[in-house]
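Since the structure comes first, as structure tokens, the remarks are kept for the end.
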Amino acid sequence: MDTTDTGETVTEFGSDWAELTQECLINILGRLTLEHRWSGPMLVCKPWLQVCKDPCLNSAFDLEPLFDLERPFESARWWTPEFERRIDSMLRSVVHWSAGSLKQIRTRHCSNQSLSHVAQRCPNLEVLSIKSCPNVTDSSMADIAVRCPMIRELDISYCHEVSHESLVLIGRNCPNLKILKRNMMNWLDTSEYAGVVPDEYLKTCPQDGNSEAAAIGKSMPNLEHLELRFSKVSAKGFTLISVGCPNLGYLDLFGCVNLTSRDIENTTSNLKNLKEIKKPNFYIPRSVFHSERYGHWRLYDERFQTDVFRI
0 MDTTDTGETV TEFGSDWAEL TQECLINILG RLTLEHRWSG PMLVCKPWLQ
50 VCKDPCLNSA FDLEPLFDLE RPFESARWWT PEFERRIDSM LRSVVHWSAG
100 SLKQIRTRHC SNQSLSHVAQ RCPNLEVLSI KSCPNVTDSS MADIAVRCPM
150 IRELDISYCH EVSHESLVLI GRNCPNLKIL KRNMMNWLDT SEYAGVVPDE
200 YLKTCPQDGN SEAAAIGKSM PNLEHLELRF SKVSAKGFTL ISVGCPNLGY
250 LDLFGCVNLT SRDIENTTSN LKNLKEIKKP NFYIPRSVFH SERYGHWRLY
300 DERFQTDVFR I
């Protein structure tokens with residue numbers, strides 16, 4: 000304590016935050032996002048670094064705030080090997096620090112190696128969202144399916160190297176799966192990806208939507224939420240989903256041009272829990288109208304509602 004000129008006593012509070020108890024630091028750092036913890040507190044001092052490694056702060060790996068959700072492909076650097084290595088490094092660290100308690104992963108551009116590491120160390124994983132991972136294949140997804148049976152939410156949108164075989168394995172081994180997001184890139188108009196997503200990757204976009212639909216319908220009976228944006232699924236495949244997944248309450252079919260309004264109406268009539276459905280309505284730029292691809296003006300059929308079909 001110090002004494003002022005007037006004789007008042009002033010208490011001097013310690014300003015060394017490193018002396019805070021672990022419980023206090025966990026309470027404080029737990030309010031920060033993963034990104035903020037990595038860019039600040041971990042660099043302050045050793046005590047803070049050690050607290051950031053506590054398992055209770057590493058039950059979730061969420062990097063989605065790093066990405067612009069409205070324009071998920073806008074940064075070309077995300078598609079580079081360097082960025083993938085950075086994501087892998089962070090994911091491996093969190094997996095190690097979690098001591099098996101990691102339950103949620105939301106990231107992009109990770110690799111097969113880091114996902115296999117997750118499968119080996121995180122048996123309690125419940126949420127796996129790995130959109131836009133060009134180097135994730137059926138190999139690591141097989142590891143996830145076998146070793147992580149608690150998964151209830153899976154997002155493998157824009158993962159072109161993941162096939163229907165992975166969907167079958169996930170369905171068979173993860174009975175708690177309620178949410179599946181398997182959206183594709185807009186193959187009708189690739190201009191939004193120009194200069195960002197590598198051309199060779201765009202060309203690998205899965206073509207057989209019915210194989211994936213069959214895998215979903217036959218192995219995921221407890222699904223409640225399904226997203227298939229720009230899938231090439233046809234009425235035949237969609238029927239398999241409708242019959243095999245009777246509990247569906249949400250369906251996103253935006254961009255599924257092989258489905259007509261009649262197909263959707265007839266097929267979903269047995270889905271008693273269906274509360275919301277996004278139909279394949281979208282704006283097609285004039286530039287995509289090629290007679291050799293679409294049969295000239297035969298696109299004017301019932302699959303497009305005239306109020307949204309603008310040329």
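Note that the sequence shown covers residues 0 to 310 in numbering that gives the first Met the number 0. Beta carbons are placed, not taken as given, at the ideal position from N, Cα and C, and that holds for glycine.
Your pair L168 and L153 does not check out as a contact, with CB atoms roughly 11 Å apart and the cut at 8 Å. For the alpha helix (DSSP H) assignment, the uninterrupted runs of no fewer than 4 residues enclosed by the region 66–102 are, from N- to C-terminal side, 80–97. Sequence-distant partners of A213 (beyond 5 residues in either direction) whose C-beta falls short of 8 Å from its own C-beta, in its chain, are H163, G236, L239.
Counting other Cβ atoms within 10 Å of its Cβ, P279 reaches 16 or more and is therefore classed as buried. Cα atoms of Y200 and E160: separation of roughly 9 Å, rounded to the nearest angstrom. Taken through DSSP and simplified to helix, strand or coil, T266 comes out as helix.
Judged by DSSP in its simplified three-state form, E160 adopts coil rather than helix or strand.
Here the alpha carbons of E125 and N172 stand approximately 13 Å from one another. Taking the Cα of S58 as reference, the smallest distance to any Cα among I86, H108, S115, L127 is reached at L127. Excluding residues up to 5 positions away in sequence, S241, P245, L247 lie with their Cβ nearer than 7 Å to the Cβ of L270 in the same chain. The C-alpha of D198 is placed about 15 Å away from the C-alpha of R76.
Straight across, the Cα-Cα distance linking S268 with D262 is about 10 Å. Annotation for H116: the continuous alpha helix (DSSP H) segment containing it runs 111–120. Classified as buried, T106 has 16 or more neighbouring CB atoms from the shown chains inside 10 Å of its CB. For S241, the uninterrupted alpha helix (DSSP H) segment begins and ends at 234–243. The Cβ neighbour count for N272, taken over all protein chains shown within 10 Å, is under 16; the residue is labelled exposed. Closest in C-alpha terms to F229, from the list N221, G208, S218, comes G208. When only Cα atoms are considered, N134 and H108 end up about 8 Å apart. Just measuring C-alpha positions, the residue of E264, F60, C158, V232 sitting nearest Q206 is V232. The beta carbons of L114 and I150 sit about 12 Å from each other, so the pair does not count as a contact at 8 Å. Separation of P122 and S218 (C-alpha to C-alpha, rounded to the nearest whole angstrom) is 21 Å. Here A141 has L168 as same chain residues with Cβ atoms under 6 Å from its own Cβ, once five neighbours each way along the sequence are excluded.
Distance from L227 to D251 at the Cβ level is roughly 7 Å; contact confirmed, criterion being Cβ atoms closer than 8 Å. In the DSSP assignment, Y249 falls outside any alpha helix (DSSP H) and lies within the beta strand (DSSP E) extending over 249–251.
Residue state for K130 is assigned as strand, using DSSP reduced to three classes. When secondary structure is reduced to three states using DSSP, K217 falls in the helix class. Nearest to P64 by C-alpha distance, out of I104, I276, W96, is I104. If you draw a straight line from the Cα of S88 to the Cα of S100, it is about 18 Å long.
Across the structure, A234 and V196 are spaced so that their CA atoms are roughly 30 Å apart.
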